[in-house]
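**Q** Okay, so the sequence shown: first residue is 2 according to the numbering used here, each after it adds one. Glycine included, every Cβ here is placed at the ideal spot set by N, Cα and C. From a predicted model like this one, the values you see are computed outputs, not experimental measurements.
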Amino acid sequence: GFLNLIHVDDAAEAVRSVWRKPTQRLYVVSDDQPVIRTQFYEEIARQTGSRKPQFVTPGTGSSVMMRSESNKRVWNRKMKRDLVSKLHFPNFVHGLADILSVSRRNINYRYRGEMPRSRYQLWATESVTLTVQCGLLHS
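See below:
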C-alpha cells in the first residue's frame, strides 16, 4: 500500500502559513510523491548501506494485511496552491536523506557527550493525515 509522508519542516511551514493567514478551509498536508511502503523501506536500506529488507506477507484478514493493502494517495495541490508553494523536501528520498544525516550528526554528538546544535527533525513513517483548520493542527 501507499504511504503519504511529509517532512516535519514542510508540515510546520504549512501550519505557520495558516497562522499568518487564518482560514476555515481544511488541508491535507503531504509531500509531492506518495510512495509504496516497500519502496520506502528499500530506500532506507539503500541510504544507510543496509541489506535490502525481506518482506513477509501478513496473514489473511489481519489488521496488518488491511493496512498494507491500503491504496490511499493524498494529493497536495490545494496545500501547495494556498499554503506552501514549494516544499523543502518534495519527496521521501529527500526527506530521508535529511533525517538520516541529522541522525548521524546527533549520534556523533552523543558519542562525544555534547548536545546537538541543530534542531531535531522528524520524518513521518506512517500514513498520517494532518488537518489544519482555523490555525490548529489535528492529527
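So, V16 versus M80, is the Cβ gap smaller than 7 Å?
**A** Position 15 of the sequence shown, counted from the first residue, corresponds to residue 16. Position 79 of the sequence shown, counted from the first residue, corresponds to residue 80. Cβ atoms of V16 and M80: not closer than 7 Å.
**Q** Which same chain residues end up closer than 7 Å to S18 when comparing Cβ atoms and leaving out the 5 residues on each side of it in sequence?
**A** The count along the sequence shown starts at 1 and reaches residue 18 at position 17. So the qualifying residues of the chain are L84 and V85.
**Q** For the alpha helix (DSSP H) holding W20, just list the boundary residues, first then last.
**A** What you label residue 20 is simply residue 19 of the sequence shown in a count that begins at 1. Segment V9 to R21, the alpha helix (DSSP H) holding W20.
**Q** By DSSP, does L88 sit in helix, in strand, or in coil?
**A** Residue numbering aside, residue 88 sits at position 87 when the sequence shown is read from its first letter. Of the three classes helix, strand and coil, the one that applies to L88 here is coil, per DSSP.
**Q** Looking only at its chain, what residues have a beta carbon closer than 6 Å to the beta carbon of V75, apart from the 5 residues adjacent to it on each side?
**A** In the sequence shown, residue 75 corresponds to position 74, counting from 1. The residues are N5, V29 and S31.
**Q** Considering only C-alpha positions, which residue in the set K73, E44 and F93 is nearest to Q34?
**A** Taking the sequence shown and counting its residues from 1, one reaches residue 34 at position 33. Out of K73, E44 and F93, F93 has the C-alpha closest to the C-alpha of Q34.
**Q** Apart from the five residues just before and just after M66, which ones in its own chain have a Cβ nearer than 7 Å to its Cβ?
**A** Residue numbering aside, residue 66 sits at position 65 when the sequence shown is read from its first letter. Within the same chain, M66 has close Cβ partners P59 and G60.
**Q** Please classify N77 as buried or exposed, where buried requires at least 16 other C-beta atoms within 10 Å of its C-beta.
**A** Numbered from 1 along the sequence shown, position 76 holds the residue referred to as residue 77. Answer is buried; the Cβ neighbour count reaches 16.
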